[in-house]
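To convert, count from 1 in the sequence shown and add 36; that's my numbering.
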Amino acid sequence: MGYLARNPYRISTWFSLKNSKRLFSLRNFTSNTNTSQYNPILDYTLEQTEKTILLVGDGDLSNASHMAKNISSLRQDVKLIASVLESETDHNNTFQGSLENIDCIRSNGHTVQFEVDATRLKDHFEIDSIDRIQWNFPHWKGKTNNRRNRALVKDFFASSNDVVTANGAIHLALMNHQGGMNSKTNSEWKRSWLTPIYAAENRYLLTHMLPFSPSYNLSAYKFVDRSFRMSQSAQMYIYSKKHQIVPKDIQMYSYFTLFLALPNPANMESSISTESNYWTNEQILEQSFIFEMIQSKLPHGIRLEIKPWRILRQFDKDGNKNMGEWKVVEYQVVLYGESCNITFDMAEDLKRLIEDEVQLHTVGTRRGGWNASQSLPSSILRARGW
37 MGYLARNPYR
47 ISTWFSLKNS
57 KRLFSLRNFT
67 SNTNTSQYNP
77 ILDYTLEQTE
87 KTILLVGDGD
97 LSNASHMAKN
107 ISSLRQDVKL
117 IASVLESETD
127 HNNTFQGSLE
137 NIDCIRSNGH
147 TVQFEVDATR
157 LKDHFEIDSI
167 DRIQWNFPHW
177 KGKTNNRRNR
187 ALVKDFFASS
197 NDVVTANGAI
207 HLALMNHQGG
217 MNSKTNSEWK
227 RSWLTPIYAA
237 ENRYLLTHML
247 PFSPSYNLSA
257 YKFVDRSFRM
267 SQSAQMYIYS
277 KKHQIVPKDI
287 QMYSYFTLFL
297 ALPNPANMES
307 SISTESNYWT
317 NEQILEQSFI
327 FEMIQSKLPH
337 GIRLEIKPWR
347 ILRQFDKDGN
357 KNMGEWKVVE
367 YQVVLYGESC
377 NITFDMAEDL
387 KRLIEDEVQL
397 HTVGTRRGGW
407 NASQSLPSSI
417 LRARGW
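Set out below in structure tokens:
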């Protein structure tokens, strides 16, 4: 179905609205994305309450061995649990450094657990017993397959929900193309593993994205003792249960188009002049007025940006002009998850709530013909020059 068939408005002319070149946002702060390297020894929780760290899918355990030595000297109050999917016998037989790494972990006062399935963590750990679960470069056992890797990550987030404490977090190391948060186009994003979407389904919020350069042996390529090469840079994604203000560069967003009919000169006297409840031409064209109206409908944790886009001339369903010069203003509305997750369902609910308000204060406004977008990384908007 084409544009005109789906949309009750037809473009009349591109219009220069007041402040149309300026994005309107209540918060115009600069990004505070941390560009320093990820440090696995640091506590990234908001309240600095991390006491128990679980490593899953840890390959030959060289990562856990490296962390165990540093934690013992720098964070003696922290308990480290290293885990792998293999049995202890299989691990010893598969990895050349297995015995040495296991001995290092245990001699530093920490624990190694075998046959731990990261998608069935409740089978291995108590409820609310882990402050951090870390998985470096998860991958299903076969060759590259986005569908299977997404399913693996999705099941992992669901599995972690019960065992991670209320202030806890997931640390997930991924290559750039897997994480997707630097995507410049929708298609690039769709080729990623979509981890923020699966995290949000389990009430985790992406709060940090930090460059990650492993200082241990990258082993367990396809579950054998073979290193893999990092063909591109990697990031550590930190998903927190305790929500907090997220740097603008890694906020997810959803957008939609909002239509507002301008007062119609042909029937203004009969329909509008008698009702003080209706918005004037000036109010509808003033983006700060529309911004405040939308802002009043949003829950805490959602950041708003709007941009007046164009003025359209309205036609009826048969393609005929309505009475007089009936025009409609089109605003682009962007909702960011600043300290909570913005999901498609939430964006749709908010869109309907805002459109209900517009219906009360305008005559002839029809609801937009499109849904709100799916949740997307803000890097896509930046690439478009928003």
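Virtual Cβ for every residue (Gly too), placed ideally from N, Cα, C.
Q331 and N253 have their alpha carbons spaced roughly 50 Å apart. Cβ contact annotation for P232 (same chain, cutoff 6 Å, sequence separation greater than five): L242, M288, in chain order. If you ignore the 5 residues before and after W171, its C-beta comes within less than 6 Å of the C-beta of V92, G93, L208, all in its own chain and listed in chain order. Rounded to whole angstroms, the gap between the alpha carbons of R239 and K277 is 6 Å. Taken in chain order, the whole beta strand (DSSP E) runs of length 3 or more contained in the segment 66-105 are 88-91. Our two residues, N144 and K226, have alpha carbons roughly 43 Å apart in a direct line. The beta carbon of E86 lies closer than 6 Å to those of D79, D167, R168 in the same chain, with the five residues before and after it left out. Using a 10 angstroms sphere on the CB of E328, the tally of other CB atoms stays under 16, which defines it as exposed. Assigned with DSSP and collapsed to three states, A419 falls in helix. Residue burial annotation: A202 is exposed, with fewer than 16 other C-beta atoms found within 10 angstroms of its C-beta. Here the alpha carbons of R418 and H146 stand approximately 44 Å from one another. Ranked by Cα distance from N99, the first of S196, E384, I274, G133 is G133. Residue pairing of T147 in beta bridges, as defined by DSSP: I117. According to the DSSP assignment, W171 belongs to the beta strand (DSSP E) that extends over 166-172.
For the 7 Å CB-CB criterion, R339 and E391 do not form a contact. Excluding sequence positions up to five before and after L82, its CB lies within less than 6 Å of the CB of K278, Q280, all in the same chain and listed in chain order. With respect to the C-alpha of S196, the residue from P344, V152, N300, H397 having the closest C-alpha is V152. If you check the CB distance, F295 and V370 do not come in under 7 Å. DSSP lists Q271 as the bridge partner or partners of P247. The segment 155-164 and the segment 121-136 do not touch, with fewer than three beta-carbon pairs separated by less than 8 Å. Pairing N185 with W229 gives a Cβ-Cβ distance under 7 Å. If you draw a straight line from the Cα of A235 to the Cα of I320, it comes to about 38 Å. G204 carries a strand assignment under DSSP once its states are collapsed to helix, strand and coil. Counting only runs that start and end inside the segment 317-348, there is no beta strand (DSSP E) element of at least 3 residues. Relative to the Cα of S290, the nearest Cα in the group T401, I378, R402 belongs to I378. DSSP places Y240 in no beta strand (DSSP E); its state is neither H nor E. Taking C-beta atoms as the reference points, I89 and L121 fail to come closer than 7 Å. With respect to the 7 Å criterion, N317 and L298 are classified as neighbours on the basis of their beta carbons. Your pair K343 and Y367 checks out as a contact, with CB atoms roughly 7 Å apart and the cut at 8 Å. By the neighbour-count definition (other C-beta atoms within 10 Å, threshold 16), D96 is a buried residue. In this structure, L246 lies near Y74, with their beta-carbon atoms less than 7 Å apart.
Counting the other CB atoms within 10 Å of its CB gives K284 a total of 16 or more, which places it among the buried residues. In the DSSP assignment, V369 is bridged to F292, I342.
Here the alpha carbons of F292 and F380 stand approximately 11 Å from one another.
Close CB contacts of K333 within its chain, under the 7 Å cut and outside five residues either way in sequence, are with L386, L389, I390, E393 (chain order). About 6 Å separates the beta carbons of R142 and V148, which is inside the 8 Å limit, making them a contact pair.
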